[in-house]
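> Sharing a structure below in structure tokens format, with a few things to ask.
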Amino acid sequence: MTDQAYNFAYLDEQTKRMIRRAILKGLAIPGYQVPFASREMPMPYGWGTGGVQVSAAVLTPEDTLKVIDQGADDTTNAVSIRSFFERTAGVATTTATDEATVIQTRHRIPEVPLREGQILVYQVPIPEPLRFLEPRESETRKMHSLEEYGLMHVKLYEDISRHGHIATSYAYPVRVEGRYVMDPSPIPKFDNPKLGEMAAIQLFGAGREQRIYALPPYTQVVSLDFEDHPFEASKADQCCGLCGATDSYLDEVIVDDAGGRMFVCSDTDFCTARQAAGHRGQDAA
Amino acid sequence: MYVAVKGGERAIENAHAWLAEERRGDPSVQELSLDQIREQLALAVNRVMAEGSLYDPDLAALAIKQARGDLIEAIFLIRAYRTTLPRFGASAPIDTGAMACDRRISATFKDLPGGQILGPTFDYTHRLLDFKLAADGEVPEAPMRAAEADDVPHVTDFLNREGLIEEAPQDDTPPPDLTREPLEMPADHALRLQALTRADEGFTLGLAYSTQRGYARNHAFVGELRIGSVPVELDIPELGFAVEIGEITVTECETVNQFKGSKTEPPQFTRGYGLVFGQTERKAISMALVDRALRWEELGEDFVGAPAQDTEFVLYHADNIQATGFLEHIKLPHYVDFQAELELVRKLRRDAGARDMQEAAE
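Top line first, the protein sequences correspond to chains A and B. The opening position of the first sequence corresponds to residue 691 in the working numbering, with each subsequent residue numbered one higher. The opening position of the second sequence corresponds to residue 706 in the working numbering, with each subsequent residue numbered one higher.
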């Protein structure tokens, strides 16, 4: 079968319409998880089928797509999803954050602030922030509708009493416009402050769990915390070995058998752009 | 020296090329044809059709070949293909009473109208490796007899005449479709049956087995198990009547379960139901047992906390494509999250160390 045998961006138009309705509902009720009839996609659940379906539903032929995984454009799964849309939608692709109109991401928000007109699509494994406190979907939906979030605060409090800190370092829960508690997908909590007041549209797709949720531009998003234990966006206390950035999220890379390590920007586009502008870190060649 | 890795694309291409080579195996060995798979690995084909929710033996054979015999991978290929197909309409309900039975047995009555037909079953074979088969697979022709033309009545109908088994009233409500609507709780009976018929065979078997061992025991008898072909009819709106569009083979299992009665129901037998594409006996019996276990609420039974009673647990975890996808995704990169955890654990250890020092000083 040739690629032309499939509709633009793979999904048929009825499916896209169904997904767009879920997206619009999500945008109208920020942070609310909208059930949608997720389709089997030609990649496995857990590989970003939710994000891929959302991207397929919002892509137009004029769009420029960027796909990142762990902040990087060249991670194998990012490469695979990008080539999927190159084949099925024929859209232009880029690795430059500011050139992209649609950015599909797994586990990171780009370092460069996004602007109006851009859409950031997150791949979400477990959309329910209350899931590990209450395994039943029927119960958690009730808790959301009754705004019953006490359990979450108790969990965070127990962390503090046990460890002295809130022991959640990624997928750190947030409250949207003072209403829904939302899982921001497994981004490091370093990225949490970027969620709020973002100029771009943020869409979250969970394929296996059949949920879509959204943050319209300039939405108030607050990471859960306590007055005496305020939220803190943390990262490795280092600077990038390649571009010298001190304010970007860093990956730790083991470089020799003796366990020597260096730190590099997780956002590869950010790092490359800085190096092109002449910035150098201590380990740069 | 670390350089940001480029080359994901080439790595993927090379991996795919290697995979294709491994799939083919030793090129001096003759290649498998789809006909061979369809005809000689028919039970694998049946499982792929059943859990792939697409009745097409040729496509299932292709999927098995492409998946190197990994049936869950083959089911995935079928599912991903199926989801792109347009819906022209829904067939009329099949009538299993009119089935041309290859096999039909009842464990509850020694003899019954329609007779016991063993059919092509492993049941009474001795599981001894047949080394002759390694050299020569030719078989003598099996004895033949003319088929009975009459419909074969359902065993449960006999019990029904005496009021000994609960009624299963006809319900013409169009059933929900979990491939078109998100699966939401509570799930009605039709939706549960749809989820179970495409559920993973192993998962369903394990749950069914757990009910036999006492986790929500439901004392099942196989009232009847039948395998055979049934015609599929489709209403054509332009014609105004139903037209036969083909035949499918299905396995149907009806269990008769002991029931002591409850506050609302008199003592009578209850039902469990399994219906699966193809000759898929183990799956159909498992499905019937799990179906019965999930019906505790409508029968006024107690929830004893057994996994097989828990609709949400069963339905959300029975799909092997969802399960294997999420399970296997943990091999994808998680550098970013792991880094965040690394920082956190280091910080907690620093704090704990500082506390110990302070305590020692005091």
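Idealized CB from N, CA, C, for every residue including glycine.
So, at 6 Å on beta carbons, what are the nonlocal neighbours of residue 973 of chain A in its own chain, with the 5 sequence-adjacent residues on each side left out?
Translated into the one-based positions of the first sequence, residue 973 of chain A becomes position 283. Result list for residue 973 of chain A: 931 and 952, in chain order.
> When you compare the CB positions of residue 909 of chain B and residue 1023 of chain B, do they come within less than 9 Å of one another, or not?
Position 204 of the second sequence, counted from the start, is the residue given in the question as residue 909 of chain B. Position 318 of the second sequence, counted from the start, is the residue given in the question as residue 1023 of chain B. Yes, these two residues count as a Cβ contact at 9 Å.
> I need the straight-line Cα distance from residue 692 of chain A to residue 871 of chain A, nearest angstrom please.
Here the question's residue 692 of chain A lines up with position 2 in the first sequence. Here the question's residue 871 of chain A lines up with position 181 in the first sequence. A caution first: residue 692 of chain A carries a pLDDT of 40, below 50, which makes its placement in the model too unreliable to give a value.
> Using a Cβ-Cβ cut-off of less than 8 Å, list which residues of the region 768-787 of chain B approach chain A; keep chain order.
Answer in chain order: 781, 784, 785 and 787.
> Quick one: residues in its chain with C-beta nearer than 7 Å to the C-beta of residue 951 of chain B, no 5 flanking neighbours on either side, listed in chain order?
Locating residue 951 of chain B in the second sequence gives position 246, where the first residue counts as 1. Counting only Cβ-Cβ distances below 7 Å, and skipping sequence neighbours, we find 937.
> Who are the near neighbours of residue 965 of chain A in its chain, counting only those whose CB is closer than 8 Å to its CB and skipping five residues on each side?
For the purposes of this step, residue 965 of chain A is identified with residue 275 of the first sequence, where counting begins at 1. Only 932, 933 and 974 meet the Cβ criterion.
> How many Å lie between residue 752 of chain B and residue 760 of chain B at the Cα?
To locate residue 752 of chain B, count along the second sequence from 1; it is residue 47. To locate residue 760 of chain B, count along the second sequence from 1; it is residue 55. About 10 Å.
> For residue 1034 of chain B, return the contacting residues in chain A, with the cut-off set at a CB-CB distance below 8 Å.
Looking up residue 1034 of chain B in the second sequence gives position 329. Under the 8 Å cutoff, chain A gives 734, 735, 736, 737 and 815.
> Mind checking residue 706 of chain B: buried by the 16 CB within 10 Å criterion, or exposed?
For the purposes of this step, residue 706 of chain B is taken as residue 1 along the second sequence, with counting starting at 1. Low confidence applies here, because residue 706 of chain B scores a pLDDT of 43, under 50, leaving its location unreliable and the question unanswered by this model.
> Which partner residues does residue 919 of chain A have in the DSSP bridge list?
Residue numbering aside, residue 919 of chain A sits at position 229 when the first sequence is read from its first letter. Partner(s): A/916.
> I need the boundaries of the alpha helix (DSSP H) containing residue 882 of chain A, first residue and last residue.
Here residue 882 of chain A is taken as the residue at index 192 of the first sequence, counted from 1. Per DSSP, residue 882 of chain A belongs to the alpha helix (DSSP H) from 882-885.
> In this structure, does DSSP put residue 710 of chain B in helix, strand or coil?
Residue 710 of chain B sits at position 5 when you count from the first residue of the second sequence. Low confidence applies here, because residue 710 of chain B scores a pLDDT of 48, under 50, leaving its location unreliable and the question unanswered by this model.
> Note down, in chain order, each residue of its chain lying with its Cβ closer than 8 Å to the Cβ of residue 786 of chain A, except the 5 sequence neighbours on either side.
Reading the first sequence from its first residue, position 96 is the one you call residue 786 of chain A. Excluding residues within five positions, the ones whose Cβ falls inside 8 Å are 756, 959 and 963.
> Could one say the Cβ of residue 972 of chain A lies closer than 9 Å to chain B's Cβ atoms, at least one of them?
Indexing the first sequence from 1 puts residue 972 of chain A at position 282. Closer than 9 Å: no.
> Identify whether residue 927 of chain B lies in helix, strand or coil by the three-state DSSP scheme.
Locating residue 927 of chain B in the second sequence gives position 222, counting from the first residue. Three-state result, residue 927 of chain B: strand.
> If you drop the 5 nearest sequence neighbours on each side, which residues of the same chain put their C-beta closer than 7 Å to that of residue 800 of chain B?
Translated into the one-based positions of the second sequence, residue 800 of chain B becomes position 95. Once the five neighbours on either side are set aside, the close Cβ partners of residue 800 of chain B are 935.
> Between which two residues does the alpha helix (DSSP H) containing residue 774 of chain A stretch?
The residue given as residue 774 of chain A occupies position 84 in the first sequence. Element bounds for residue 774 of chain A: 766-778.
> What are the boundary residues of the alpha helix (DSSP H) that residue 900 of chain B is part of?
Taking the second sequence and counting its residues from 1, the one referred to as residue 900 of chain B is at position 195. Element bounds for residue 900 of chain B: 894-902.
> Using the Cβ count rule (16 or more neighbours within 10 Å means buried), how would you classify residue 800 of chain A?
Here residue 800 of chain A corresponds to residue number 110 of the first sequence, with the count starting at 1. Residue 800 of chain A should be labelled buried.
> Assign residue 781 of chain A to buried or exposed, taking buried as 16 or more other Cβ atoms, counted over all protein chains shown, within 10 Å of its Cβ.
Translated into positions along the first sequence, residue 781 of chain A becomes position 91. Label assigned to residue 781 of chain A: buried.
> Count the other CB atoms, across all protein chains shown, that sit within 10 Å of the CB of residue 968 of chain A; report buried if there are 16 or more and exposed otherwise.
For the purposes of this step, residue 968 of chain A is taken as the residue at position 278 of the first sequence. That one is exposed.
> Quick one: list the residues of chain B neighbouring residue 696 of chain A, beta-carbon separation under 8 Å, in chain order.
Translated into the one-based positions of the first sequence, residue 696 of chain A becomes position 6. Within 8 Å Cβ-Cβ: 789.
> Fully enclosed by the region 825-885 of chain A, which beta strand (DSSP E) runs are 3 residues long or longer?
If we require 3 residues or more, the beta strand (DSSP E) runs fully inside the region 825-885 of chain A come out as 864-866 and 870-872.
> Within 10 angstroms of its Cβ, does residue 737 of chain A collect 16 or more other Cβ (buried), or is it exposed?
Residue mapping note: residue 737 of chain A aligns to position 47 of the first sequence, counting from 1. Residue 737 of chain A should be labelled buried.
> By the three-class DSSP mapping on this structure, what secondary structure does residue 756 of chain A have?
One-based indexing of the first sequence puts residue 756 of chain A at position 66. The answer is strand: DSSP assigns residue 756 of chain A an E or B state.
> Rounded to whole angstroms, how far is the Cβ of residue 725 of chain A from the Cβ of residue 901 of chain A, which I believe are closer than 8 Å?
Here residue 725 of chain A is taken as the residue at index 35 of the first sequence, counted from 1. Here residue 901 of chain A is taken as the residue at index 211 of the first sequence, counted from 1. Rounded, the Cβ-Cβ distance is 6 Å, consistent with contact.
> Ends of the alpha helix (DSSP H) at residue 739 of chain A?
The sequence position of residue 739 of chain A within the first sequence is 49, counting from 1. From DSSP, the alpha helix (DSSP H) with residue 739 of chain A extends over 739-748.
> Excluding five sequence neighbours on each side, which residues of the same chain lie with their C-beta closer than 7 Å to the C-beta of residue 819 of chain B?
If you number the second sequence from 1, residue 819 of chain B lands on position 114. The answer, listed in chain order, is 809, 857 and 858.
> Please report the distance separating the alpha-carbon of residue 836 of chain B from that of residue 823 of chain B.
The sequence position of residue 836 of chain B within the second sequence is 131, counting from 1. The sequence position of residue 823 of chain B within the second sequence is 118, counting from 1. Distance between the alpha carbons of residue 836 of chain B and residue 823 of chain B: 25 Å.
> Closer than 9 Å, CB to CB, is residue 760 of chain B near chain A or not?
The residue labelled residue 760 of chain B in the question sits at position 55 within the second sequence. No, no contact with chain A.
> If the cut is a Cβ gap below 9 Å, which residues of chain B does residue 919 of chain A touch?
Working through the first sequence from its first residue, we reach residue 919 of chain A at position 229. Near residue 919 of chain A there are no residues of chain B at all, since even the closest Cβ is about 13 Å away, more than 9 Å.
> What are the residues in the region 1041-1054 of chain B lying within 8 Å of chain A by C-beta distance?
Within the region 1041-1054 of chain B, the qualifying residues are 1041, 1042, 1044, 1045, 1046, 1047, 1048, 1049, 1052 and 1053.
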